[in-house]
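First up is the structure itself, then whatever we jot down about it.
There are 2 protein chains.
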Amino acid sequence: MCDLFGIEFPIFQGGMAWVADAGLASAVSNAGGLGIVAAMNMPGEALREVIQQTRQLTDRPFAVNIMLMSPHVEEVAQVVAQERVPLVTTGAGTPEKYMAYWISCGIKVIPVVPSTAVARRVVRNGACAVIAEGCEAGGHVGELTTMALLPQICDAVEVPVIAAGGIGDGRGIAAAFMLGATGVQVGTRFVVCHESSAHTTFKQKVLSAGDIDTITTGRRLGHPVRALKNPFTRKFAKLEWDNAVSDAELEAYGSGALRLAVQQGDADRGCFMAGQIAALVNREQPAAEIIREMFSQAERILSEGTKWVV
Amino acid sequence: MCDLFGIEFPIFQGGMAWVADAGLASAVSNAGGLGIVAAMNMPGEALREVIQQTRQLTDRPFAVNIMLMSPHVEEVAQVVAQERVPLVTTGAGTPEKYMAYWISCGIKVIPVVPSTAVARRVVRNGACAVIAEGCEAGGHVGELTTMALLPQICDAVEVPVIAAGGIGDGRGIAAAFMLGATGVQVGTRFVVCHESSAHTTFKQKVLSAGDIDTITTGRRLGHPVRALKNPFTRKFAKLEWDNAVSDAELEAYGSGALRLAVQQGDADRGCFMAGQIAALVNREQPAAEIIREMFSQAERILSEGTKWVV
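If you're matching them up, the sequences are chains A and B in order. Taking numbering that gives the first Met the number 0, I'd label the letters of the first sequence as residues 0 to 309. Taking numbering that gives the first Met the number 0, I'd label the letters of the second sequence as residues 0 to 309.
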């Protein structure tokens, strides 16, 4: 997988909206992983600027994550091709519409998939790998957990599978390999890395989170989101069960909350998206140190794996 | 762990209500795993009979799973002691109230724990091991996934940790070991073993289930349950979002649905509890074959683990 993507360690940094900027992506790529820039709801020209910024900070491969529900998706789909971005990951939908075009431009496409049916479909359409993301991940999530989803995706498709969701240290990497993955994607742990521009309050909240400190909201709207418990998510959860609150009101209540968390550290009104392994993340470190630490732990555990063999 | 419990393979069979009877538990124990009899809502004397039945079918260790919300919990707590059951697992609450008594009777106590706080508490009270169960499991579930919960429980306590939830084949066992478990608990795959008395319809539903065929209902009531999607669970999910339906009505709607599934195979009104890995379960096999197959696959994968080491 490392050869396929031109990276040193089989680790992707999650394309987290507002967090995954040029600084973070280039730091991860420079450290030998695959840095990913989030296109989120950006207009095309804004994304072009971020891509060019990233290129100034690293000469290694990086990817752009395209959020398919973005109002500017047509524009950004063009921009990644014009800018010859080597890799595109996608989320919040299936990218079939753009795949033939991207592939014809030499872009490798790696969709995030929540089920075997979607995995098969995107591979038929030319995906060179897929990211199997379990619902323990932070942000927008599906229903299946990494432990259940990953082996099923590996059985369903012949391409490399990257495991995402619930991976916070070397144990998670080793487990993902056992389940059939050839690489991992890590989000929450990179939120608190030195090179992440997430607000100090966000970082502190992740660093101090315990095991039961995340909650999934938005199931009623059909797009569940995992975030840290706080006044915002608690109120959202309450409104969600209330039939007097319309879906539109619920959507409106959630709108802009992630930006408030990442940029302003608004502890009450922000939506601090993080995965269930936030509790395993206890130190702010440089991206390179995180990667080295995770893989040396994984290698140690994998070497000891034979002790279980009778 | 095998020495601690007097078993050959570090695998527990889940204490599934209505399914985990003397026939299934003895088959698993005879195959070298730990068979578990479910006390569910049984009166004490009914449980005593099942225990004695199990003893006639196996001379190996087995456990009783005590559901702490049972109306007969006081009685069954006595019966397991009187019958000198070697091991007790517990679910649906924390067993502190009974632990000193059981331990004084020589019973090893192994609670199912949904969080690190509960794990620490039961270990302080003498639990000799804990079962960390992720929400991909079938039946009553917590919020954390196996991938996220397991390493955190392993960090929190010094006793052996058994992984449950999402384990359907040798890959799951190998992954659980990497995350720090010393054993696994398997439910769904044993539902369809030859020695399981679950209704043919239940078995068929598990055998034909796909990856997205389970759903969690009951969150509004504070005790979520994972089961296969069918008219019963779909209606429950709908009622759950309806404020005009009281909690009592919702409880009443769910009452008895599991028994209808297991004993009568009622495809419409039954609650077919199963985990997300139901899709990995494709054959009805003897319990002994399941265990051998899972561990030989796990051993093979673990032996190959070093290929990942650079």
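We treat Cβ as the ideally placed atom computed from N, Cα and C, and that holds for glycine.
Only F294, A297, E298, R299, I300, L301, S302, E303, G304, T305, K306, W307 and V308 from the stretch 284-308 of chain A bring a Cβ to less than 9 Å from some Cβ of chain B. T187/A and G5/A have their alpha carbons spaced roughly 24 Å apart. Sorting R233/B, K202/B and D246/B by C-alpha distance to the C-alpha of G221/B places D246/B at the top.
By the rule that beta-carbons nearer than 7 Å mark a contact, F189/A does not touch chain B. For G137/B, same chain residues with a beta-carbon under 6 Å away, outside a window of 5 residues either side, are G186, T187, R225, M272, A273 and G274 in chain order. Chain order gives no chain A residues near I161/B, where near means a beta carbon separation below 7 Å; the closest approach is about 14 Å.
Checking the DSSP bridge columns, you'll see N242/A has no partner listed.
Of M66/A, G179/A and Q51/A, the smallest CA-CA separation from E82/A is found for Q51/A. Contact annotation: in the stretch 69-98 of chain B, no residue has its CB less than 7 Å from a CB in chain A. Between A174/A and N281/A, the alpha-carbon positions lie close to 21 Å from each other. In the DSSP assignment, E132/A falls within the unbroken beta strand (DSSP E) covering V129 to E132. Within the stretch 138-157 of chain A, the residues whose Cβ lies closer than 9 Å to any Cβ of chain B are, in chain order, G141, E142, L143, T144, T145, M146, A147, L148, L149, P150, Q151, I152, C153, D154 and A155. With contacts defined as CB atoms closer than 7 Å, I130/A and Q184/A qualify as a contacting pair. For S245/B, no Cβ of chain A is located within less than 7 Å of the residue's own Cβ. Taking 7 Å as the cut-off, the beta carbon of T200/A is found closer than this to the beta carbon of A266/A. Every unbroken stretch of the alpha helix (DSSP H) spanning 4 or more residues and falling wholly within the stretch 66-149 of chain A is given here in chain order: 72-81, 95-103 and 115-123.
Secondary structure at N64/B: strand, using DSSP grouped into helix, strand and coil. Of all alpha-carbon atoms in Y100/B, N124/B and Q12/B, the one lying nearest the alpha-carbon of G167/B is that of Q12/B. Listed along chain A are P113, S114, T115, A116, G141, E142 and L143, each with a C-beta nearer than 9 Å to that of I211/B. Beta-bridge pairing by DSSP links I161/A to I130/A and G182/A.
Straight-line spacing of the CA atoms in Q151/B and A278/A works out to 8 Å.
Chain A places no beta carbon closer than 7 Å to that of I6/B, leaving this residue out of the contacts.
The beta carbons of M177/A and I276/B sit no closer together than 7 Å.
The shortest CA-to-CA distance from A256/A to any of K234/A, A80/A and C1/A is the one to K234/A.
Close to A208/B, with beta-carbon spacing below 9 Å, lies no residue of chain A; the smallest spacing is near 11 Å.
With a threshold of 16 other beta carbon atoms within 10 Å, V308/A falls short and is exposed. Looking at the DSSP output, V36/A sits in a beta bridge with V63/A. Between the alpha carbons of E239/B and N229/B lies a distance of about 15 Å.
With respect to the 7 Å criterion, T144/A and T144/B are classified as neighbours on the basis of their beta carbons. Between F271/A and chain B, the shortest Cβ-Cβ separation is not below 7 Å. E288/B sits away from G22/B, with the two beta carbons spaced by 7 Å or more. For the pair W17/B and V261/B, the CB atoms are nearer than the 7 Å cut-off.
Collapsing the DSSP output to three states places I10/A in a strand. Interface annotation, R170/B: in contact with chain A, CB-CB separation under 7 Å. L3/B is outside the set of residues whose beta carbon lies under 7 Å from a beta carbon in chain A.
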